[in-house]
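Q:
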Amino acid sequence: MFGPPADRAAAISLLREAVEHGVDHIDTAEYYGPVVVNELIREALHPYPSELVLVSKVGAARGRRGEIFAADQPDQLRRGIVDNLKSLGVDTLAAVNLRVMRASAPDAFFDDQLQAMVSARDDGLIGGVRLSNISLDHLEHALRFVDVACVQNEFNPVDRASQSVLEECRRRDIAFVPFAPLGFGSTSVLRNPVLARAAARLGCTPAQACLSWELEIAPNVLLIPGTSSRHHLLENLEASRIHLDSDALHSISQLHR
Ligand SMILES: NC(=O)c1ccc[n+]([C@@H]2O[C@H](COP(=O)([O-])OP(=O)(O)OC[C@H]3O[C@@H](n4cnc5c(N)ncnc54)[C@H](OP(=O)(O)O)[C@@H]3O)[C@@H](O)[C@H]2O)c1
13 MFGPPADRAA
23 AISLLREAVE
33 HGVDHIDTAE
43 YYGPVVVNEL
53 IREALHPYPS
63 ELVLVSKVGA
73 ARGRRGEIFA
83 ADQPDQLRRG
93 IVDNLKSLGV
103 DTLAAVNLRV
113 MRASAPDAFF
123 DDQLQAMVSA
133 RDDGLIGGVR
143 LSNISLDHLE
153 HALRFVDVAC
163 VQNEFNPVDR
173 ASQSVLEECR
183 RRDIAFVPFA
193 PLGFGSTSVL
203 RNPVLARAAA
213 RLGCTPAQAC
223 LSWELEIAPN
233 VLLIPGTSSR
243 HHLLENLEAS
253 RIHLDSDALH
263 SISQLHR
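First residue of the sequence shown: 13, per my numbering; consecutive thereafter.
1) Can you pull the DSSP bridge partners for SER68?
2) DSSP has PHE14 in a bridge; who is on the other side?
3) Indicate the three-state DSSP secondary structure (helix, strand or coil) for ASP39 in the structure shown.
4) Of all the options ALA230, SER224, LEU64, LEU234, which has the alpha carbon lying nearest to the alpha carbon of HIS255?
5) Can at least three beta-carbon pairs, one atom from the region 89–106 and one from the region 61–74, be found at a separation below 8 Å?
6) Thinking C-alpha only, which one of ARG156, GLU180, PHE14 is nearest ASN165?
7) According to the Cβ coordinates, are ALA219 and LEU202 closer than 7 Å?
8) CB-CB under 7 Å to LEU249, same chain, minus the five flanking residues each way: which ones, in chain order?
9) Going by the DSSP bridge assignment, what does CYS162 pair with across the sheet?
10) What does a CB cutoff of less than 8 Å around ASP217 pick up in its chain, not counting 5 residues either side in sequence?
11) For the region 169–178 against the region 130–140, do three or more pairs of beta-carbon atoms, one drawn from each stretch, fall closer than 8 Å, so that the two count as touching?
12) In this structure, what does DSSP give as the bridge partners for VAL233?
13) Kindly list the residues whose CB is nearer than 7 Å to the CB of ASP124, restricted to its own chain and excluding five residues on each side of it in sequence; keep chain order.
14) Just to confirm, does GLN88 get its C-beta within under 6 Å of one of the non-hydrogen atoms of ligand 1?
15) Output the distance between the C-alpha atoms of ASP19 and SER240, rounded to the nearest integer angstrom.
16) Look up PHE121 in the DSSP assignment and give the residues it is bridged to.
17) How do the region 45–64 and the region 96–116 stand: do at least 3 beta-carbon pairs fall below 8 Å, yes or no?
18) Whose C-alpha, out of PHE122, ASN145, MET129, GLU63, is nearest the C-alpha of HIS153?
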């Protein structure tokens, strides 16, 4: 998400291979790189297959050392959308996430941000409004003004702080995209011994058991596990074919306790 990939040619071929294998939903942001990731996607995949759904994010920017900060004023959101269109080489994007950067409860500023997103949708720049890093209050508040296509929050078997948001999305038929589906760094779910035991018993890898659990607990989950590895790409794609038995579902569901 910061700087160029170690091997640009490998990144391009990984993107192409993902789409060849049926990946039809790519999550990106102008501030990944910055710009580097959108340029890679464009170089690898433009002109895009008609079934490919490209989704981006606005509301944040990156500093010179990779630090992330808010760029979330309504006019910055609009500019962010236009920048994504330019770098990805499209006239419209299927959807764009408003990445909420402030911990505050929904307020007049959030309303102004939503209005900027709705205007972009009404002007045809984006097909749908997504929300990211939001609370249940944000979701309920936003739904009074706008159809929300999808919510993207951190979620995995160890971090289920967004469980209530996931459930509300499910109740309302809104897609839910967990980010960090395999955990982050030291919280990586993959090192968890309970997950490892369940995976070994089922004959799959811990990553596959983890992703499969996320797919099984709710029908509205769309997965975007990031990877720079061809081996992990193929492994992660196979997760959709793995069936967790009730013991595995139960033990993985207990990991957050
Ligand atoms: N809305 C937000 O605020 C927000 C925040 C963070 C991320 N995101 C989005 O969510 C996407 C996913 O984020 P992420 O944090 O999961 O991805 P990420 O930052 O790309 O990291 C995923 C990590 O998991 C590893 N990995 C992937 N598959 C694996 C496997 N089968 N076995 C072992 N390790 C594996 C990857 O290593 P390898 O490269 O070696 O496979 C990588 O280190 C991002 O691409 C981004 O679009 C959104």
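Even for Gly, the Cβ is constructed at its ideal location relative to N, Cα and C.
A: Taking the coordinates as given:
1) VAL108
2) GLY45
3) strand
4) SER224
5) yes
6) GLU180
7) yes
8) Excluding sequence neighbours, LEU249 sits near HIS33.
9) DSSP output for CYS162 lists ARG142, ALA187 as bridge partner(s).
10) As written in the sequence, residue 217 is Thr, which differs from the Asp given in the question. For THR217, where only same-chain residues beyond five positions count, the Cβ hits under 8 Å are ALA211, GLU247.
11) no
12) Answer is PHE188, bridged to VAL233.
13) PRO86
14) no
15) 10 Å
16) The partner list for PHE121 (beta bridge, DSSP) is empty, contrary to what the question assumes.
17) By the Cβ criterion, the region 45–64 is in contact with the region 96–116, since at least three pairs of Cβ atoms, one from each stretch, lie closer than 8 Å.
18) Looking at the Cα atoms, PHE122 is the closest of the given residues.
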